[in-house]
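Notes follow once the structure below has been shown.
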Amino acid sequence: MTNAISEITTDAELLFLIGTNTTEAHPVTGYKMRQAARRGCKLVVCDPRHIDLVDEADYWLRQKPGTDIPLINGLMHIIIKEGLEDKKFIEERTENYEALKATVENYPPEYVAELTGIPVDVLYEVARLYATTDRAMIFYTLGITEHICGTRNVMSLANLAMLTGHMGRAGVGVCPIRGQNNVQGACDMGALPNVYQGYQNVTLPAVKEKFEKAWGRPMPDKIGLKIPEMFEAAHEGKVKAMYILGENPVLTDPNSHHIRGGLEALEFLVVQELFLTETAEYADVILPAASFAECDGTFSNTERRVQRVRKAIEPIPGRANWQTICEMVSRMGYPMNYASPREIWDEMASLAPSMAGINYDRLEELGSLQWPCPTTDHPGTQFMHVGKFTRGLGLFQPSDHIPPGEMPDEDYPFLLSTGRILQHYNVTTPYSMGIMSVWDKEMAELNPADAEKMGIKTGDKLKVTSRRGEVVTAVRVTDRVMPGIIWMSFHYSETPTNALTSHHLDPITGTGEYKVCAVKLEKI
Amino acid sequence: MELIKITIDGKEVEVPAGTTIMKAADSVGINIPRLCYDPDLSALGACRLCVVEVEGNRLLPASCVTPIFPGMVVKTNSPAVVEARKTILELLVANHPLDCMTCDKLGNCKLADYCYQYGVKESPFVGEKHEYAIDDTNPFILRDMNKCILCGACVRACEEMTGQDNLSYLNRGFHRKATTAGDVDYIDSDCVFCGQCVAVCPTGALQEKTMVGQGRRWEIDRVRTTCPFCGTGCNFDLAVKNGKVIGVLSNPDSTVNQRSLCVKGRFGWDFIYNEKRLTTPLIKKNGKFEEASWDEAFDLIAQRFGEIKAQYGSESFAALSSARCTNEENYLVQKFTRAVMGNNNVDHCART
Ligand code: SF4
Ligand code: SF4
Ligand code: SF4
Ligand code: FES
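Spelled out as structure tokens, the structure:
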């Protein structure tokens, strides 16, 4: 996130939410949004589903799935036509504005209304509201990124914020709320194929040299494989061995049959996990993992805030995860002799300028620190891009409408969209006895009009089939979803929704298009 | 801002206009007893335990809702004030089950603390007692409305912290109740089980169900940590007794969330004791997992990773790190992939 969660209640005058069901996926952030809205902060919710925050919203834009870019372009079209853009900000801090202007010229309100299903007058009102509100924050999550055009969606939101000067201050910005607890941290730590910790590019000679010196081995400078490419390479026999720490791609990644095939093709697989997951079943060796309550360490939340995780009980398998990794790697002839996670952090930070000022003593004293934090007397950074963007000038990157890779047709007439529900979190909460005793099975959401046609009522069972697989699910009939759409979560092993989801990927990030695919439904 | 001078218990205090007597007293370390006041919630002025004496005022105003005025002279502990507080406590206790010896809240119960402080053992007031059925039909929160003192903190927390508006007051007089619409059990209400109401309840009326019978409050160690369930990054305390986690308690110092949590953070922790947890390394032999020692597992891994790298080259390896694991673990995994396996094939499920 460019900005901080606290700004929702202390600074923002307008919250613009797109593709985020915040009260369910990030509940406490969502509760703060609700508090803000009730205290007079304006709220715009763009979501095809009638999510809870719609009830607090000043405007609900119920765009058709997969039409986010035309929606945002349409808003920018109006803003420019009405002269509401921030000319000074554009002039001083951005480049490529003419290209943006030329692209959004092609998205007049009438055309956008037709594509998105949002009335013209609402487009006008929301465009004016966003452009003329001094402190307006944009929030999005997977509803924006899990599309074939995910990266383009994100760029479009950045365009909108820059066009109106909503960057580099408190109460503005573009804020992706990260899904899993430490997605931010995993990225910051360089668990990515193109960067070391602190986003230092693996292809830069100076960076390569620095890490060769620090780590005492030659460093690869070719960008590595992203997840979908790994499984592709496994299918092709190029990747032969894998190590998987605490992830269950069979359940959580799209098109799980393809993932299973890739895992099967491996010669050797090591999985370090809490439970015998669908993915762990494919392992040759399973290393038992310790839970968050059993390990010292840190997580970084969605606002770049580094916070301590503290060991409360002895590791149930006898070893903390860092100890297991260190021992495994040491046996391979590369000694990893750390006395504690504190030492690991210190080494990491000493090689990452943006986090060099963060250490366990300061975290103890201050509770948390937000990077960038280059020195130990630096207070951390609440909001970014003050005065200047990381790359210097902010680059407008205009995008045209890219329809989803797969849309409903005669054979597969329903659109399947997926997401999270409040009570569950990917793959751990289904192991909570308390939570499972109340929310124990998938309840797919179906519009009453469709349900009536098919003679289905809440609690009935459906077979859902896509071109890739089929699952069985119970149904909840509700007008939270539009007619023609079925909505499902992906938390339950009994209903592995990702057997259905699309093989289409965002070509830039490799993110699966979880949000849209075509299915057919049969009552059983 | 205009500063105003007043006197509290003989001490001169200077605070901004509009400050309440309670906050003015807090600012100089004078603690006025309070039951319904909560720093994170709007002030209600319901319990009147916080009454003080103000010179020239015949009535005893509730300090949590009464603003100061210039030259005000306040006594927080005069005989009249102490008498009033005692009476309030006696009235509350008259209608409260006195089973503190088995109540899990003791040690963190404001009612019991103040009764102790003011020497209230039993009540001279005899009258009807409530006989409400206990609401234990959900796995998370135990509700015993017989212990409710109608401070309204739960109602305000549900509305002001979570915005769920699931609680309000029903009936009048003796039958007044802070409860769900239609007075149904939580499980049948619009409750989202965030547990904010439990976190603010000053008595044993609302309790974490998992903690009941597990230990007295003073036996519990609190270990502050960060929630493992979403990117908001709430902090809370793990309640630990005898080396076992028995619950989650709000920690008011949490930067992001203060005392708010959601059902996952507050009640999802029990996955750590799921009987399906893996406790020993497993090695697949003839298609079946068999228990193995750590040594066997590490040696086999070192051997096979080594062989495969030697045979097929370093490009033949890939690692999936974890967006659920700590920074330190992620750092080690990428360092391992790059420095030992010799490629950049490391990624994590950032998208889910
Ligand atoms: S249940 Fe607890 S918080 Fe709610 S009114 Fe009663 S005593 Fe107060
Ligand atoms: S648990 Fe949360 S939603 Fe339920 S009554 Fe308490 S505060 Fe309200
Ligand atoms: S308590 Fe809920 S909102 Fe807070 S970090 Fe955990 S899952 Fe997210
Ligand atoms: S604390 Fe002031 S009236 Fe209850």
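One line per chain: the protein sequences are A and B, in this order. According to our numbering, the first sequence is numbered sequentially starting from 48. According to our numbering, the second sequence is numbered sequentially starting from 892. Think of the CB as a built atom: it goes at the ideal place given N, C-alpha and C, for glycine as much as any other residue. Bear in mind the structure is a predicted one, so any value in this text is a computation, not a measurement.
query = Is the Cβ-Cβ distance between B/Ser1151 and B/Thr1053 less than 8 angstroms?
reply = Translated into the one-based positions of the second sequence, residue 1151 of chain B becomes position 260. Translated into the one-based positions of the second sequence, residue 1053 of chain B becomes position 162. Cβ distance < 8 angstroms, so B/Ser1151 and B/Thr1053 count as in contact.
query = Ends of the beta strand (DSSP E) at A/Ala565?
reply = One-based indexing of the first sequence puts residue 565 of chain A at position 518. Taken as a continuous stretch (DSSP letters only), the beta strand (DSSP E) holding A/Ala565 covers Cys564 to Lys570.
ask   = Quick one: does A/Ile391 have its CB under 8 angstroms from some CB of chain B?
value = In the first sequence, counting from the first residue as 1, residue 391 of chain A sits at position 344. Interface residue, yes.
task = Give the residues from the region 1188-1199 of chain B that approach chain A closer than 7 angstroms (Cβ to any Cβ), ordered along the chain.
result = Ala1188, Phe1189, Asp1190, Leu1191, Ile1192, Ala1193, Arg1195, Phe1196, Gly1197 and Ile1199
query = Hey, quick one: how far does the beta strand (DSSP E) through A/Pro335 stretch, first residue to last?
reply = Taking the first residue of the first sequence as position 1, residue 335 of chain A is located at position 288. Val332 to Pro335 is the extent of the beta strand (DSSP E) around A/Pro335.
request  = Give me every residue whose Cβ sits closer than 5 angstroms to any heavy atom of ligand 3, in chain order.
outcome  = A/Pro74, A/Val75, B/Cys1118, B/Phe1120, B/Cys1121, B/Thr1123, B/Cys1125, B/Leu1152, B/Cys1153, B/Lys1155 and B/Gly1156
ask   = Taking 8 angstroms as the CB-CB cut-off, is B/Ala971 touching chain A?
value = On the second sequence, residue 971 of chain B is found 80 positions in, with the first residue counted as 1. No, no contact with chain A.
inquiry  = Counting only Cβ-Cβ distances shorter than 8 angstroms, please list the residues of the region 227-240 of chain A near chain B, keeping chain order.
reply    = Gln227, Asn228, Asn229, Val230, Gln231, Gly232, Ala233, Cys234, Asp235, Met236, Gly237, Ala238, Leu239 and Pro240
ask   = At a CB-CB cut-off below 9 angstroms, which residues of chain A make contact with B/Arg1108?
value = Locating residue 1108 of chain B in the second sequence gives position 217, counting from the first residue. Neighbours of B/Arg1108 in chain A, taken as residues at a C-beta separation under 9 angstroms, are lacking, since the least C-beta distance is about 17 angstroms.
ask   = For A/Tyr78 versus A/Ile125, is the C-beta spacing smaller than 8 angstroms?
value = In the first sequence, residue 78 of chain A corresponds to position 31, counting from 1. In the first sequence, residue 125 of chain A corresponds to position 78, counting from 1. A/Tyr78 is not a Cβ neighbour of A/Ile125, given a cutoff of 8 angstroms.
key: Separation of A/Lys134 from A/Glu145, as counted between CA atoms   = Residue numbering aside, residue 145 of chain A sits at position 98 when the first sequence is read from its first letter. Residue numbering aside, residue 134 of chain A sits at position 87 when the first sequence is read from its first letter. Between A/Glu145 and A/Lys134, the C-alpha separation is close to 12 angstroms.
Extent of the continuous beta strand (DSSP E) to which A/Leu463 belongs = As a position in the first sequence, residue 463 of chain A is number 416, starting the count at 1. Taken as a continuous stretch (DSSP letters only), the beta strand (DSSP E) holding A/Leu463 covers Phe461 to Thr465.
query = For chain A, is any of its Cβ atoms less than 8 angstroms away from the one on B/Arg976?
reply = The residue labelled residue 976 of chain B in the question sits at position 85 within the second sequence. By this cut-off, B/Arg976 is not an interface position.
4-residue-minimum alpha helix (DSSP H) runs that sit fully inside the region 944-995 of chain B, ordered along the chain = Listed in chain order, the complete alpha helix (DSSP H) runs (minimum 4 residues) inside the region 944-995 of chain B are 970-985.
query = What does A/Phe315 reach in chain B if we use C-beta pairs closer than 8 angstroms?
reply = As a first step, residue 315 of chain A must be located in the first sequence, where it is residue number 268. By Cβ distance, chain B contributes Arg1195, Phe1196 and Ile1199.
task = Identify, in the order they occur along the chain, each residue of the same chain with its Cβ nearer than 7 angstroms to the Cβ of A/Thr505, setting aside the five sequence neighbours on each side.
result = Looking up residue 505 of chain A in the first sequence gives position 458. Result list for A/Thr505: Val522, Arg523 and Val524, in chain order.
inquiry  = With a threshold of 6 angstroms on Cβ separation, who are the neighbours of B/Cys1118 within its own chain once the five nearest residues in sequence on each side are excluded?
reply    = Translated into the one-based positions of the second sequence, residue 1118 of chain B becomes position 227. So the qualifying residues of the chain are Cys1125 and Gly1156.
request  = Flag this pair as touching only if the region 1040-1060 of chain B and the region 1068-1087 of chain B have three or more C-beta atom pairs under 8 angstroms; answer yes or no.
outcome  = yes
ask   = Using the C-alpha atoms, what's the distance from A/Leu204 back to A/Ser415?
value = As a first step, residue 415 of chain A must be located in the first sequence, where it is residue number 368. As a first step, residue 204 of chain A must be located in the first sequence, where it is residue number 157. One C-alpha to the other measures close to 29 angstroms.
request  = Over the uninterrupted alpha helix (DSSP H) stretch that includes A/Ile185, give me the two end residues.
outcome  = Mapped onto the first sequence, residue 185 of chain A falls at position 138. Run containing A/Ile185: none in the alpha helix (DSSP H); it sits in the beta strand (DSSP E), Ala183 to Tyr187.
ask   = Closest to A/Cys88 by CA distance: which of A/Asp58, A/Ile116 and A/Ile65 is it?
value = Residue 88 of chain A sits at position 41 when you count from the first residue of the first sequence. That would be A/Asp58, whose Cα lies nearest to the Cα of A/Cys88.
message = Does chain A have any CB closer than 8 angstroms to the CB of B/Thr1243?
response = Position 352 of the second sequence, counted from the first residue, corresponds to residue 1243 of chain B. With a pLDDT of only 43 at B/Thr1243, under 50, the local geometry of the prediction cannot be trusted, and the value read off the model is given with reservation. True, the Cβ-Cβ gap to chain A drops below 8 angstroms.
query = For B/Ile1137, which of helix, strand or coil comes out of DSSP?
reply = Position 246 of the second sequence, counted from the first residue, corresponds to residue 1137 of chain B. Reduced to three states, the DSSP call for B/Ile1137 is strand.
Closer than 6 angstroms to ligand 4: residues, by C-beta to nearest heavy atom, in chain order = Every residue whose beta carbon comes nearer than 6 angstroms to a heavy atom of ligand 4 appears here in chain order: B/Arg925, B/Leu926, B/Cys927, B/Tyr928, B/Gly936, B/Ala937, B/Cys938, B/Arg939, B/Leu940, B/Cys941, B/Ala953 and B/Cys955.
ask   = Tell me which same chain residues have a C-beta within less than 8 angstroms of the C-beta of A/Thr422, skipping the five on either side of it?
value = Locating residue 422 of chain A in the first sequence gives position 375, where the first residue counts as 1. Ala403 and Gly404, listed in sequence order.
ask   = Using the beta-carbon count (16 or more within 10 Å), is B/Gln1008 buried or exposed?
value = In the second sequence, counting from the first residue as 1, residue 1008 of chain B sits at position 117. The residue in question, B/Gln1008, is exposed, as its Cβ has fewer than 16 Cβ neighbours within 10 Å.
ask   = Along chain A, in chain order, which residues have C-beta atoms closer than 7 angstroms to that of B/Ala1230?
value = By one-based count along the second sequence, residue 1230 of chain B stands at place 339. Ordered by position in chain A, the residues that pass the 7 angstroms Cβ test against B/Ala1230 are Trp262, Arg264 and Tyr381.
query = What are the complete alpha helix (DSSP H) segments, minimum 4 residues, inside the region 199-235 of chain A?
reply = 230-235
query = Ends of the alpha helix (DSSP H) at B/Asn1221?
reply = Here residue 1221 of chain B refers to the residue found at position 330 when the second sequence is read from its first residue. Asn1218 to Lys1226 is the extent of the alpha helix (DSSP H) around B/Asn1221.
Alpha helix (DSSP H) segment containing A/Tyr7, residue limits = As displayed, chain A neither begins before 48 nor continues past 571, which places residue 7 of chain A out of reach and without an answer.
request  = Taking A/Glu279 as the reference, give the member of A/Asp268, A/Leu310, A/Arg264 and A/Val356 with the closest Cα.
outcome  = In the first sequence, counting from the first residue as 1, residue 279 of chain A sits at position 232. When each option's Cα is compared against that of A/Glu279, the closest is A/Leu310.
inquiry  = Quick check on the burial criterion: 16 or more other C-beta atoms within 10 angstroms. Buried or exposed for B/Glu1062?
reply    = Looking up residue 1062 of chain B in the second sequence gives position 171. The amino acid occupying residue 1062 of chain B in the given sequence is Asn; Glu does not appear at that position. So B/Asn1062 counts as exposed.
ask   = Helix, strand or coil: how does DSSP classify A/Trp262 here?
value = Looking up residue 262 of chain A in the first sequence gives position 215. Note: A/Trp262 maps to helix in three-state DSSP.
inquiry  = Spatial neighbours of A/Ala496 within its chain, please: C-beta separation below 6 angstroms, excluding the five flanking residues on both sides.
reply    = For the purposes of this step, residue 496 of chain A is taken as residue 449 along the first sequence, with counting starting at 1. Excluding sequence neighbours, A/Ala496 sits near Pro530.
ask   = What does A/Val169 touch in chain B if you count any residue whose Cβ is under 8 angstroms from its own?
value = Translated into the one-based positions of the first sequence, residue 169 of chain A becomes position 122. The premise fails here: A/Val169 is roughly 25 angstroms from chain B at the closest Cβ pair, so nothing lies under 8 angstroms.
ask   = Does the Cβ-Cβ distance between A/Asn368 and B/Glu1182 come in under 8 angstroms?
value = Along the first sequence, read from residue 1 onward, the residue named residue 368 of chain A stands at position 321. Along the second sequence, read from residue 1 onward, the residue named residue 1182 of chain B stands at position 291. No.
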